[in-house]
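Number of protein chains: 2
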Amino acid sequence: MISVLGVDVGGTKIAVGPVDRAGTQLAPPVVALSQTSDEESFLLGLEAVLRRALKEFERFEPGAIGLACAGTVDRARREVVSSPNLPLVSVALGPTLQEALGMPVVLENDGNAAVLGEALAGAAAGLRNVVLLTLGTGVGGGLFIDGKLYRGAHGGAGELGHTVVQMGGIPCRCGNRGCLEMYASGPALARYASSRARDPERDPNGTLIALRERGELNGGVVSKLAREGHPGAIEAVKQLADWLGIGLVNIANTFDPDMIVVGGGVGELGELLLRPAREFLRRTAMPPGSEEVQVAAAKLGNRAGLVGAALATWEVVEGTG
Amino acid sequence: MISVLGVDVGGTKIAVGPVDRAGTQLAPPVVALSQTSDEESFLLGLEAVLRRALKEFERFEPGAIGLACAGTVDRARREVVSSPNLPLVSVALGPTLQEALGMPVVLENDGNAAVLGEALAGAAAGLRNVVLLTLGTGVGGGLFIDGKLYRGAHGGAGELGHTVVQMGGIPCRCGNRGCLEMYASGPALARYASSRARDPERDPNGTLIALRERGELNGGVVSKLAREGHPGAIEAVKQLADWLGIGLVNIANTFDPDMIVVGGGVGELGELLLRPAREFLRRTAMPPGSEEVQVAAAKLGNRAGLVGAALATWEVVEGTG
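First to last, the sequence lines map onto chains A and B. Numbering that gives the first Met the number 0 puts the first residue of the first sequence at 0, with every later residue one more than the last. Numbering that gives the first Met the number 0 puts the first residue of the second sequence at 0, with every later residue one more than the last.
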């Protein structure tokens, strides 16, 4: 066994790649679109892409499979309990695939997998206490504490997007109000940009208005505009950075970690977003964390889930997890 | 060695008691007032009360001393770096006392000591993942993760009172705005009651006005009035419970612990405060934590620091900490 197949099981696509014990991805991934119309077609599609990958990566002698899934995962039963983007409710994905493919299959929550990837083989390699904050359509997190993944007493730890930063604030899909996800996600960035449309100084060529009218004003587009120097988009990023700063301070004052890694689609803004947020942290967090806690962009990008799921599986196979 | 002397080093008083390996306090504490005018008189006073306690508790054969201090503690150097209520800046309390008294002396932050006490010998005895939230003049915290005290990468973890729950909210003494401490502490409770003075329905006998005019409207008094059924004080406790609920949800969604223990002077309100806050948690936290995370009142009360400091010292002396 030279590799474990790491699998990022997303609502749009499934990516599978061989990963060695050190967390190195040995080849570009096999990618397929997810079939999410119903459970059966989803499972058939997933099994098909895994069979294809096992063949494609035969030379890397894969001996086990690790899947990263969004949602609530029961690790012991290797079951997806519920998922925001997969048509799975209480589906024992692990045992089913293990029987079909004849090798160990491990399930991990995607935030957990991602922090494991970044902490063992990414931006925080070699550090013992790492918190991952992912800014995308939602805001997620993962906790690596004292050299190990921390999943909580019931597998639900690390939901950093659903910590309240504004009592009585914007209603969140989780049922609460004022969650960080409502202020530091891609949709929030689009909202901040939208509020600057129709302002001739901030949207000189009407770009934001046009995008909004076409229904195309999203976090990714605003990020791109900000990098190109669009004034309204840059202001929107600064507004997002204020909220990210609050998120970072809360993490620093709670965990005092070695490093906070910021990932996700919005996180790809890099220093344009991180610099002002880090400055806010330095100014307002409690010492010694205010000076000591590092803030860095994720290094593995969208490969963090795939690599982390494989690393979690290596640990299970070797009995060290 | 049958006992370790646990010491709660407060700004008002110092309490010293013998604690066995199981966390049982073997006798009522020796208590003395703190001398906080300057460093020298503080140290002389502390040494004197420790000598008195060593004599008083001779029959329990104390073999080491553990001190719980508010503020930033450098455990390796056994030094108080800074403290909100003690006249100590970068004072190597551990080595100094160890030389004077001829036995090992260990220093621990008071929040850390308290969570260790509650997790090993208090409300959460036997549980592996425990978060302590103390509501007093300030709001503090302590983290017990995977069966061990978690102090953070630089000793600063657990500052839960300085997580932001209201972006741009009330300025906090830490330099930030909108910290939980500004909304869930004793002074916040007094503020909530004060805003109900002069309202004949909520303060029928003018009790709150009279207290406020005498400068005696504080969290302790409001707690007492609420327990006695005073309508304005009960409303103030409910307002505090809303904010405590936010604090509990943030802890549950972040840590998904076995139990959140609520201590401190305001925490002594017990179920009057905890019931509505727990209901808010059940309603708004993410599953499975929303159902599973227990919320309980601290059991050791103001002995948690003393007992926890002793337990931390037992671990050091035995080489298990």
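Quick reminder that beta carbons are idealized off the backbone N, C-alpha and C, glycines included.
Simplified DSSP assignment, three categories, for residue i
i: residue 323 of chain A; result: Residue 323 of chain A lies beyond the range of chain A shown here (0 to 320); nothing can be said about it.
i: residue 211 of chain B; result: helix
i: residue 103 of chain A; result: coil
i: residue 7 of chain A; result: strand
i: residue 280 of chain A; result: helix
i: residue 148 of chain B; result: strand
i: residue 169 of chain A; result: coil
i: residue 176 of chain B; result: strand
i: residue 2 of chain B; result: strand
i: residue 21 of chain B; result: coil
i: residue 163 of chain B; result: strand
i: residue 296 of chain A; result: strand
Cβ-based neighbour list, residue i, same chain, cut-off 6 angstroms, excluding 5 preceding and 5 following
i: residue 222 of chain B; result: 268
i: residue 255 of chain A; result: 288
i: residue 133 of chain A; result: 139, 262, 263
i: residue 162 of chain B; result: 179
i: residue 44 of chain B; result: 34
i: residue 232 of chain A; result: 192, 221, 224, 225
i: residue 42 of chain B; result: none
i: residue 0 of chain A; result: 60, 62
i: residue 108 of chain A; result: 72
i: residue 32 of chain A; result: 12
i: residue 104 of chain B; result: 64, 93, 96, 97
i: residue 207 of chain A; result: 192, 196, 231
i: residue 8 of chain A; result: 66, 68
i: residue 253 of chain A; result: none
i: residue 168 of chain A; result: 176, 177
Chain-order list of residues whose beta-carbon lies under 8 angstroms from that of residue i (same chain, five-residue window excluded)
i: residue 226 of chain B; result: 268, 271
i: residue 49 of chain A; result: 4, 6, 15, 64, 96, 100
i: residue 265 of chain A; result: 134, 135, 183, 184, 185, 188, 218, 222, 239, 272
i: residue 214 of chain B; result: none
i: residue 203 of chain B; result: 230
i: residue 164 of chain A; result: 177, 178, 179, 182, 242, 245, 246, 249
i: residue 300 of chain B; result: 262, 267
i: residue 46 of chain A; result: 96, 99, 100
i: residue 149 of chain B; result: 142, 143, 156, 157
i: residue 171 of chain B; result: 161, 177, 178, 180, 181
Residue range of the alpha helix (DSSP H) that includes residue i
i: residue 181 of chain B; result: 180-183
i: residue 143 of chain A; result: Where residue 143 of chain A is concerned, there is no enclosing alpha helix (DSSP H), although the beta strand (DSSP E) it sits in stretches over 138-144.
i: residue 45 of chain A; result: 38-55
i: residue 219 of chain B; result: 218-226
i: residue 325 of chain B; result: The structure shown does not extend to residue 325 of chain B, since chain B is modelled only from 0 through 320, so no value can be given for it.
i: residue 35 of chain A; result: It is not in any alpha helix (DSSP H) - residue 35 of chain A carries neither H nor E in the DSSP assignment.
i: residue 71 of chain B; result: From DSSP, residue 71 of chain B is part of no alpha helix (DSSP H) but of the beta strand (DSSP E) over 71-73.
i: residue 289 of chain A; result: 288-291
i: residue 78 of chain A; result: Unbroken run through residue 78 of chain A is the beta strand (DSSP E), 78-81; no alpha helix (DSSP H).
i: residue 265 of chain B; result: 263-266
i: residue 118 of chain A; result: 109-120
Close-in-space but distant-in-sequence residues of the same chain around residue i (CB under 7 angstroms, 5 per side omitted)
i: residue 234 of chain B; result: 195, 201
i: residue 127 of chain B; result: 145, 146, 257
i: residue 166 of chain B; result: 177
i: residue 210 of chain A; result: 216, 220
i: residue 28 of chain B; result: 14, 15, 16, 305
i: residue 90 of chain A; result: 38, 78, 79
Endpoints, the beta strand (DSSP E) within which residue i is located
i: residue 12 of chain A; result: 12-18
i: residue 133 of chain B; result: 129-134
i: residue 61 of chain B; result: 61-68
i: residue 307 of chain A; result: Run containing residue 307 of chain A: none in the beta strand (DSSP E); it sits in the alpha helix (DSSP H), 303-317.
i: residue 90 of chain B; result: Here residue 90 of chain B belongs to no beta strand (DSSP E), and DSSP marks it neither H nor E.
Q.
If contact is defined by three or more beta carbon pairs under 8 angstroms, each pair taking one atom from either stretch, is the stretch 113-133 of chain A in contact with the stretch 87-104 of chain A?
A. Here the stretch 87-104 of chain A does not lie against the stretch 113-133 of chain A, with fewer than 3 beta-carbon pairs under 8 angstroms apart.
Under 9 angstroms (Cβ pairs) to chain B, residues found in the stretch 49-83 of chain A: Listed by position along the chain: 71, 80, 81.
Counting Cβ pairs, one atom from each stretch, are 3 or more of them under 8 angstroms apart for the stretch 235-245 of chain B and the stretch 274-281 of chain B?
-> Result yes; three or more Cβ-Cβ pairs closer than 8 angstroms.
Checklist entry - According to a CB-to-CB cut-off of less than 8 angstroms, which residues of the stretch 147-164 of chain A neighbour chain B? => result So the list reads 147, 149, 150, 151, 152, 153, 154, 155, 156, 157, 158, 159, 161, 162, 163, 164, given in the order they occur along the chain.
*asked:* Closer than 8 angstroms is the cut-off here; do at least three beta carbon pairs connect the stretch 23-32 of chain B with the stretch 47-54 of chain A?
replied: Flag = no, the stretch 23-32 of chain B and the stretch 47-54 of chain A do not touch.
Between the stretch 282-296 of chain B and the stretch 148-161 of chain A, do three or more beta carbon pairs fall short of 8 angstroms?
-> Touching, yes, given that three or more Cβ pairs across the two stretches are closer than 8 angstroms.
Residues in the stretch 100-121 of chain B with C-beta within 9 angstroms of chain A's C-beta atoms, listed in sequence order?
Per Cβ criterion, the list is empty.
request  = Count the CB pairs spanning the stretch 68-83 of chain B and the stretch 34-43 of chain B that are closer than 8 angstroms, and state whether there are at least three.
outcome  = No, they do not touch.
> Do three or more CB pairs link the stretch 101-120 of chain A to the stretch 300-313 of chain A at distances below 8 angstroms?
Replying inline: Yes, since at least three Cβ pairs between the stretch 101-120 of chain A and the stretch 300-313 of chain A fall closer than 8 angstroms, the two stretches touch.
Given a limit of 7 angstroms on CB to CB distance, which residues of the stretch 161-186 of chain A reach chain B? Under the 7 angstroms Cβ criterion, the stretch 161-186 of chain A contributes 161, 162, 163, 164, 165, 166, 173, 174, 175.
Notebook entry, point to check: Which residues, in order along the stretch 247-273 of chain A, keep a beta-carbon less than 7 angstroms from a beta-carbon of chain B?
Noted result: Within the stretch 247-273 of chain A, the qualifying residues are 248, 249, 252, 253, 254, 255, 256, 257.
### Query
Given a limit of 9 angstroms on CB to CB distance, which residues of the stretch 189-207 of chain B reach chain A?
Going along the stretch 189-207 of chain B in chain order, one finds no residue with a Cβ nearer than 9 angstroms to chain A.
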